[in-house]
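> Take this structure first; my questions come after.
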Amino acid sequence: MKRILFVLCSLLPGLLFADNVTVGQAQSLAVNFFKTSAQTRGASPRLQLVWNGEESGTRTSGEPAFYVFDRTDQEGFVIVSGEDVTLPVLAYSFENKFKAEDMPVNLKEWLAELRRQINDVRKKNVTTSAKTAQYWTNVSASIGTVEKKLATAKWDQVNPYNKYCPYINSQRAVTGCVATALAIVMRYHQWPDKGIGTLSDYSYEYRNVKRTQAGHSLGHTYNWNNMPLTSYKNNWTIQEQNDVAQLIFDCGVMSKAMYTAQETGAPTREAVLGLLTYMGYGKGAKLLRREWYSDTEWIRMLKQEITTNGPVFYAGYTSDNAGHQFVLDGYTSNEYFSVNWGWSGSCDGYYLISALNPTTPGTGGGYEFNYYQSAVFDLKKEDGNSRYENLLVLGAGTSSSSDGTQYNGLATTETNFQPGKNFTVSVCYCYNMGFNVFNGEGVLSLVDKNGVWKEDISSGTLPFENLDANYGRGWSRIPCRITQPLAAGDRIWLRYRSTDPDSPSDWQRMLAYERVVSEIIVKEPGIDEVTSLSYNKKDKIILLKTISEVAYKLTLGAAQKLSGKTTDAKPEIRIDTSALAAGTYKLTLEKGTDKKELNFVIGNQK
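Heads up: the sequence shown runs through residues -18 to -1, 1 to 588, numbered per mature numbering (1 follows the signal peptide of the UniProt record, and there is no 0).
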């Protein structure tokens, strides 16, 4: 939860309330965006609404999540949010068109997740942050300035890029977004000179197609200088077509692509493993998921990767776990990322990877949009000294025993932690998400509210012996004992390290999937650290989400208007402001010796 600031505030109308954006408002903002942006400053642009997020070229009587406007007088497009709790500009380009009628599948799915995120914000009645509100009045400032932009190939999935792909039902299969994106990244690095070894045969069943794809030998030279960065529309020679098509086909078979005529899918993990096995890229490359990190950390990591190593091989997954790959090749100072969709440059531009500012009050987390994303980090040429990175992650799972017990990370039945008191913790499950067999050990540790280690509390270490990649293991009822004095915010973490002489590592905290318990609070932090506030303008309801056993009372002067105590089942406080008279109110929250006060003003509501 976000920390609430207990300050004097006027809720009516002092807070900034979320509201829908009409098509007229969106178009006015789009015009202002192009008129005031440094790259296009000048006369009023001519715009056309090409998509409202629902049906191409139409308007809806509902509440669109966003609007897409193309410039008709020159190149460029902008996607404007339909909800002012988000940043106003979701994506833009000064160089390309947005072809709604011929949108790449990866972009279509990306925008579908974005739509779900914005609609979820509407349901949760999230309030608009002051910073976001400022951008709605100064839209050109919202995008920031371009800090890094790499030149990447404007390639595609159809002819001539697919000229070596198999025929499916008498029709040439498309390359797939994974193979095209992978080839674009390799073209940037211009590595390797040639592949190593032989790609194996494999069988698959996908989109009503069941077949076996033959492997083939590598070793042919990649003529990087003969692979244009421009699209095929720029009149390639036959040799240029062949060289690019061969690279993309190698990437497809290497990734175990499941070819069909309309859509070709491939596992991202197989693609990355192929780079390490056949293409001479360093073993230190990692495939990481966004849900393992905070938004702020994820954005920092992406910027560093682009700056240090080059374009990022990025995936967005749909709710059915279908992956859609693309390339990030630049970024702005305000966290817009340049996206190459692998569609001949169509719809390429700068996109937000989240519609919400990471500091937006009440957002917290929990959006599917964030869960289904992954990226490859530390991708670079093999230098002869690289080693596999160790990567263990806490996840959920079902016991293999007859009872089929469900586990969800760390678990304990202890509710009253005290120094010197014995208790147990179960750890299920720890998954090896690296690319090599893991040997090492784990330990349960007590850390403070900032994650600073205080002591190890489990009796001995937890052994990991020959844990294969993509497999996991767990332990139930591990004996534990705390000896250090407890402070507010202290918690239990699971840490691990590799003991493999070829890839040793220091102790580190184990990452965790979203919705998996990755820490156990042993002494609760203060009320102000775990309480969040939101306001529903329509219903005039103040909602405070906090912890259980918090006593509260609402007073107007000496008169008490409301009182109660939160519970485990309902750790929240609801205040119907429509029933309150104008005045300055004080809400007092207490739990034990912890006491906080929130003052707010209600104006005349008539």
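We put the beta carbon where it would ideally sit given N, CA and C, even for glycine.
Quick one: grab the DSSP three-state call for residue 208.
helix
> Does the beta-carbon distance from residue 240 to residue 260 come in below 8 Å?
No. Outside cutoff.
> Which partner residues does residue 17 have in the DSSP bridge list?
None, per the DSSP bridge assignment.
> Near residue 166, which residues of its chain fall below 8 Å by C-beta distance, leaving aside the five closest residues on each side in sequence?
134, 135, 137, 293, 309, 322 and 324
> Is the beta carbon of residue 29 less than 8 Å from the beta carbon of residue 53?
yes
> Please list the terminal residues of the continuous beta strand (DSSP E) segment that includes residue 475.
Segment 473 to 480, the beta strand (DSSP E) holding residue 475.
> Smallest Cα separation from residue 498: which of 468, 421, 273 and 12?
273
> Ignore the nearest five residues each way along the sequence and tell me which others in residue 375's own chain have a CB closer than 7 Å to its CB.
The beta carbon of residue 375 is closer than 7 Å to those of 274, 413, 415, 492, 493, 494 and 495 in its chain, skipping five residues each way along the sequence.
> If you measure between the beta carbons of residue 485 and residue 369, is that distance less than 8 Å?
yes
> Is residue 227 closer than 8 Å to residue 145 when the C-beta atoms are compared?
In contact: residue 145 and residue 227 (Cβ atoms closer than 8 Å).
> Does the segment 106 to 113 come close enough to the segment 63 to 75 to have 3 or more Cβ pairs within less than 8 Å?
yes
> What distance in whole Å lies between the Cβ atoms of residue 143 and residue 230, which are believed to be in contact at a cut-off of 8 Å?
5 Å
> Within 10 angstroms of the Cβ of residue 434, are there 16 or more other Cβ atoms? Answer buried if so, exposed if not.
exposed
> Within the chosen definition, does the segment 253 to 267 reach the segment 167 to 177 through at least 3 CB pairs nearer than 8 Å?
yes
> Of all the options 220, 358 and 316, which has the alpha carbon lying nearest to the alpha carbon of residue 253?
When each option's Cα is compared against that of residue 253, the closest is 358.
> Excluding the 5 residues flanking residue 232 on each side, which residues of the same chain have their C-beta closer than 7 Å to its C-beta?
The answer, listed in chain order, is 177 and 200.
> Let me check understanding here. Comparing Cα to Cα, which of 265, 320, 453 and 256 lies closest to residue 285?
320
> Could you say which of 180, 316 and 363 lies nearest to residue 265 if we only look at CA atoms?
The alpha carbon of residue 265 has as its nearest neighbour, out of 180, 316 and 363, the alpha carbon of 363.
> Would you mind sorting residue 99 into buried or exposed? The rule is 16 or more other CB atoms within 10 Å of its CB.
buried
> Measure the C-alpha to C-alpha separation of residue 559 and residue 107 and round it to an integer number of angstroms.
16 Å
> I want to see whether chain C comes within less than 8 Å of residue 416, judged by CB atoms only; does it?
In summary, chain C is missing from the structure at hand, where a single protein chain is found.
> Please list the terminal residues of the continuous beta strand (DSSP E) segment that includes residue 413.
404 to 414
> Let me confirm a value: residue 183 is counted as buried when at least 16 other C-beta atoms fall within 10 Å, else exposed. Which label applies?
exposed
> Under the rule that 16 or more other beta-carbon atoms within 10 Å means buried, what is residue 524, buried or exposed?
Residue 524 comes out buried.
> Measuring only the C-alpha atoms, how far is residue 402 from residue 474?
Approximately 15 Å, taken between the alpha carbons.
> Is the beta carbon of residue 480 less than 8 Å from the beta carbon of residue 421?
yes
> Can you list, in chain order, the residues of its chain whose CB lies under 6 Å from that of residue 18, leaving out five sequence neighbours each side?
122
> How big is the Cα-Cα spacing for residue 528 and residue 544?
17 Å
> Going by DSSP, which residues form a beta bridge with residue 490?
478
> Using only the alpha-carbon positions, how far apart do residue 278 and residue 220 sit?
Answer to the nearest angstrom: the Cα atoms are 46 Å apart.
> Only counting the same chain, and skipping five residues up and downstream in sequence, which positions put a Cβ closer than 7 Å to that of residue 203?
175 and 176
> Note the first and the last residue of the continuous alpha helix (DSSP H) segment covering residue 48.
Per DSSP, residue 48 belongs to no alpha helix (DSSP H); it is in the beta strand (DSSP E), 48 to 53.
> Just to confirm my understanding: we take residue 343, look at its own chain, exclude 5 residues before and 5 after, and list those with CB closer than 8 Å. What are they?
In this predicted model, residue 343 has a pLDDT of only 39, less than 50, meaning its place in the structure is not dependable; the value taken from the coordinates is given anyway. Correct list, in chain order: -17, 108, 109, 111, 514, 515 and 516.
> Could you tell me whether the segment 436 to 447 touches the segment 379 to 396, using the rule of 3 or more Cβ pairs below 8 Å?
Touching, no, given that fewer than three Cβ pairs across the two stretches are closer than 8 Å.
> What would DSSP say about residue 202, mapped onto helix, strand or coil?
Three-state result, residue 202: coil.
> I need the DSSP call for residue 369, collapsed to helix, strand or coil.
The DSSP-derived three-state label of residue 369 is coil.
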